[in-house]
Every structure is written in C-alpha cells, then in structure tokens.
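Undergrad: The following block contains the structure, expressed as structure tokens.
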Amino acid sequence: MRLIVIPLLVIICICCNPEDKIVNHNFSKVEIETIYIDSISVRAIDIYNDTLLGFGFNKGYGFINLNTNKKDLVNFEVTDSMQEHNNWIAEQRAVVFANNCFFSLGIGSPARLRKVNLKNGEEKIVYTESHEKVFYDAIAFWNDNEGIVMGDPTDDCLSILITRDAGETWNKVSCKKLPSTFEGEAAFAASNGNISIVGDHTWIVSGGMKSRVFYSPDKGMTWEVFNTPILQGKPTTGAYAMHFYDQNNGIIYGGDYTQPDSNVNNKAITEDGGKTWRLISNNNGPGYKSCVRYVPNSGGKEMVVVGFTGISISNDYGRNWKEVSKEGFYTLRFINDSTAIAAGKGRIAQIAFK
Numbered sequence: 209m210r211l212i213v214i215p216l217l218v219i220i221c222i223c224c225n226p227e228d229k230i231v232n233h234n235f236s237k238v239e240i241e242t243i244y245i246d247s248i249s250v251r252a253i254d255i256y257n258d259t260l261l262g263f264g265f266n267k268g269y270g271f272i273n274l275n276t277n278k279k280d281l282v283n284f285e286v287t288d289s290m291q292e293h294n295n296w297i298a299e300q301r302a303v304v305f306a307n308n309c310f311f312s313l314g315i316g317s318p319a320r321l322r323k324v325n326l327k328n329g330e331e332k333i334v335y336t337e338s339h340e341k342v343f344y345d346a347i348a349f350w351n352d353n354e355g356i357v358m359g360d361p362t363d364d365c366l367s368i369l370i371t372r373d374a375g376e377t378w379n380k381v382s383c384k385k386l387p388s389t390f391e392g393e394a395a396f397a398a399s400n401g402n403i404s405i406v407g408d409h410t411w412i413v414s415g416g417m418k419s420r421v422f423y424s425p426d427k428g429m430t431w432e433v434f435n436t437p438i439l440q441g442k443p444t445t446g447a448y449a450m451h452f453y454d455q456n457n458g459i460i461y462g463g464d465y466t467q468p469d470s471n472v473n474n475k476a477i478t479e480d481g482g483k484t485w486r487l488i489s490n491n492n493g494p495g496y497k498s499c500v501r502y503v504p505n506s507g508g509k510e511m512v513v514v515g516f517t518g519i520s521i522s523n524d525y526g527r528n529w530k531e532v533s534k535e536g537f538y539t540l541r542f543i544n545d546s547t548a549i550a551a552g553k554g555r556i557a558q559i560a561f562k
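Here you go:
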C-alpha cells in the first residue's frame, strides 16, 4: 500500500478523491444478516479479495468464505499446561492479509505472530516476545513486503514491530528511534483499529492516561507525535480506533467504555494529516464506540462507528449522527461502499447500508 515511485503517488492522489467516484450515499438504515454464531469474542477481522474473511477470536483464528459461507477455525483451548506448546494460541486481536498470506497476533505474553500461507495452508510463527508488559494491539501492511505491528510499551515507548521481507522476520524498533510515552499511555486492542495507513503515511493512536497520535511519513523510518483533545486521564479513556480517508483527513473515536453513554470529548477529526485535531459533535451523537471507518467513495464525508451499544452513521463529516441499530459489534470492515462485515461477541454478520 505504500508506494515509492513518484508517478504512482500522483496516481494515488488522483484515485483517492476523483470527482466522478465520490458518492453521496446518505445512508439511514441497515440490514443485518448473521453469518456465524458461536461462543467466541471477535475483535479483529480483515477481508481478502472481497471473498475471504479472516478473523481472530479469544481462542484462535478462523476464515469464512463469503461466497459459500464455508468456515474453517483453528481453535485451541488455552490452559496453563499448554502455554509451552509450540502451537499454543492466545487471544488474537490483530489480523491482516498480505501477499497471499494471513497474519494473526496474540495479545499477551508470550506474544506470537503467525503467518499462514493461503495457498498451501502452512502456518509458522514468525515472531515471539515474552515480557510481563507485552500486549499487542494492531497490525497493518503498507504493501506485500512491508508491514507494521503496534502494542503497549514494555519500556518507555510504544512497541513497534516492522517487517521488510513479506512478514518472514519482524524487528522491534528501538525506543531511541521513537517518541517517548507517558506513564499509563498505551492502546486498546478493541478493534484492530489503532493503525491507519495511506500511501507512505502511517498513524498510530494511543489511549489511557494520554491519548495521542504517532505519525510516520516514511513507512516507519521516522516518527513524531501530536496531542489530541480526546478524553484521557484514566486507564479506560482515550481513542479506541482511528481511520484516515486520505493523507489529510482522519478521525479518532473512543471515550470510556465504562461510561458508554457519555459523548463528551470522544470523537475528533483532522484535516492536516494528524498534526491538529478538532472535537466534533461534542456532547452530541454517539457515546463510546470501539471502531470507526470511513464509507468508501464518500469523499471523507460519511463514516460509521460500531460498539457494543450499536451502530451509528454520519453523512456530514461527523457533525451529526444517526443511530441505525442497537445491535452490538466490536469491529467492522467494508467490502464495498454499501456492504460491510462486522463482528463482536458471539457472532459475525454482514451489514447492508441503505
């Protein structure tokens, strides 16, 4: 997804917001079709070629063929005696497809990152880390070869892993090359939504005692950090998810999941690539949500948020919101500009926006 050649960058700028492709959808309702029910909790999903859903859950990872509804789960019960087993799987809250492979990452120590070859089904562990503070939150790729993982600090900076060889090896970035974090500043593994990538640009959002945006213009080579006005100061406060529509326009969303109805200081947008943030619909609109996504081909005007309290949409850059369902989900990804997959406690569903 990150490109280097200048002519390609020009193409990206043209394709991101072409006048003839921006659609005013003005969605006002949804139709929800459950495609999978189980006693699992799903906080991370990704879609491959619009036909294969990959997801992580509290006991493993799985796939659903969106055309045939065929399911394939790798499911291991986790017990103390299994933690030294080579194939032990902790709760998976970060997943992504890249280069015909599926990556799934466990949250806690020992953190294990798996790479699954979609062609032959081969699975291997490509990164392991043991530390009492290890807690990984999100994963994303710039292109088929280069990817990034982020997690809570184990030292005085965010935990950042980077691969440059299609996920075969991952290296942890030294704190000497990253902005320092504050005491109690970390992130929430709520929806695999802590990282957003547009071209070479990368944004990571933190939460807790401090909620800031970490920014790299060059695929993780250099970093700077910007303050946000989002709710912060408690372990449960801050931005839970972030999404950028293009390299200038982005949104962060969160709040305090222990006070889900509060809609004060829980959503903010940027128009300058994350350098400054402005609160929107403050003391109005939805309260806490765990995931936010721009509607594709909407010019950055339309966005959707989901959480355990329901689904809401905005058709005017987040100024006003409409609740379209009280059905709860943790995370959501669009297949196209009117269809998405959402997942949460006990189920995965296809959502049609109308």
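Using the numbering used here, read the sequence shown as starting at 209 and increasing by one per residue.
Think of the CB as a built atom: it goes at the ideal place given N, C-alpha and C, for glycine as much as any other residue.
1. Sorted by chain position, which residues of the same chain lie with C-beta nearer than 8 Å to Ser-338's C-beta, five sequence neighbours on each side aside?
2. Tell me the DSSP bridge mates of Gly-264?
3. Take the Cβ of Val-252 as the centre, count every other Cβ of all protein chains shown within 10 Å, and call the residue buried at 16 or more, exposed below.
4. Looking at C-alpha atoms only, which residue of Ser-312, Ser-506, Gly-518 is the closest neighbour of Tyr-525?
5. Count the other C-beta atoms from every protein chain shown that fall within 10 angstroms of the C-beta of Asn-473, then say buried if there are 16 or more, exposed otherwise.
6. What distance in whole Å lies between the Cβ atoms of Ser-414 and Ala-394, which are believed to be in contact at a cut-off of 8 Å?
7. Can you have a look at Pro-443 and say buried or exposed, based on whether 16 or more other CB atoms are within 10 angstroms of its CB?
8. Cutting at 6 Å between CB atoms, please list the residues of its own chain near Gln-440, excluding the five before and the five after it.
9. Count Cβ pairs between the region 350 to 364 and the region 404 to 414 that sit closer than 8 Å; are there 3 or more?
10. Which term fits Asn-471, buried or exposed, when burial requires 16 or more other beta carbons within 10 angstroms of its beta carbon?
11. How would you label Ser-312, buried or exposed, when you count the other beta carbons within 10 angstroms and need 16 or more for buried?
12. List the whole-angstrom C-beta distance separating Gly-463 from Gly-493, where the pair is believed to meet the contact cut-off of C-beta under 8 Å.
13. Find the nearest neighbour of Met-450 within the set Asn-402, Gln-467, Gly-554, Leu-261, judged by alpha-carbon distance.
14. By a C-beta neighbour count over all protein chains shown, 10 Å radius and 16 as the cutoff for buried, is Thr-466 buried or exposed?
15. In chain order, what residues of the same chain lie with their CB nearer than 6 Å to the CB of Gly-552, ignoring the 5 residues before and after it?
16. Can you tell me whether Cys-577 is helix, strand or coil according to DSSP?
17. If you draw a straight line from the alpha carbon of Thr-570 to that of Asp-469, how long is it in whole angstroms?
TA: So, from the data block:
1. Along the sequence shown, read from residue 1 onward, the residue named residue 338 stands at position 130. Correct list, in chain order: Ser-317, Pro-318, Ala-319.
2. For this step, residue 264 is matched to residue 56 along the sequence shown. Paired residue(s): Ala-252, Tyr-269.
3. Counting from one through the sequence shown, the residue named residue 252 turns up at place 44. Val is not the amino acid found at residue 252; the sequence shown has Ala there. Buried, by the Cβ-count rule.
4. Counting from 1 along the sequence shown, the entry for residue 525 is found at position 317. Selection Ser-312, Ser-506, Gly-518 evaluated against Tyr-525 yields Ser-506 as nearest (Cα-Cα).
5. In the sequence shown, residue 473 corresponds to position 265, counting from 1. Under the 10 Å beta carbon count, Asn-473 is surrounded by 16 or more other beta carbons and is classified as buried.
6. Sequence index remark: in the sequence shown, residue 394 carries index 186 (1-based). Sequence index remark: in the sequence shown, residue 414 carries index 206 (1-based). Contact check for Ala-394 and Ser-414: beta-carbon distance about 6 Å, within the 8 Å limit, so the pair qualifies.
7. Residue numbering aside, residue 443 sits at position 235 when the sequence shown is read from its first letter. Pro-443 is exposed by the Cβ-count criterion.
8. Residue mapping note: residue 440 aligns to position 232 of the sequence shown, counting from 1. Sequence-distant partners of Gln-440 (beyond 5 residues in either direction) whose C-beta falls short of 6 Å from its own C-beta, in its chain, are Lys-418, Ser-419, Gly-446.
9. Under the three-pair Cβ rule at 8 Å, the region 350 to 364 counts as touching the region 404 to 414.
10. In the sequence shown, residue 471 corresponds to position 263, counting from 1. Classified as buried, Asn-471 has 16 or more neighbouring CB atoms from the shown chains inside 10 Å of its CB.
11. One-based indexing of the sequence shown puts residue 312 at position 104. Classification of Ser-312: buried, given that the 10 Å Cβ count is 16 or more.
12. Translated into positions along the sequence shown, residue 463 becomes position 255. Translated into positions along the sequence shown, residue 493 becomes position 285. Not quite, the Cβ-Cβ distance comes to about 11 Å (not below 8 Å), so this is no contact.
13. For this step, residue 450 is matched to residue 242 along the sequence shown. Minimum Cα distance to Met-450 is reached at Asn-402.
14. Taking the first residue of the sequence shown as 1, we reach residue 466 at position 258. In this structure Thr-466 is exposed. Its beta-carbon is surrounded by fewer than 16 other beta-carbon atoms within 10 angstroms.
15. The count along the sequence shown starts at 1 and reaches residue 552 at position 344. These residues qualify, in order along the chain: Gly-536, Phe-537, Tyr-538.
16. Any property of residue 577 remains undetermined from this structure, which presents the chain solely from 209 to 562.
17. Any answer about residue 570 is impossible in this case: the structure gives the chain only from 209 up to 562.
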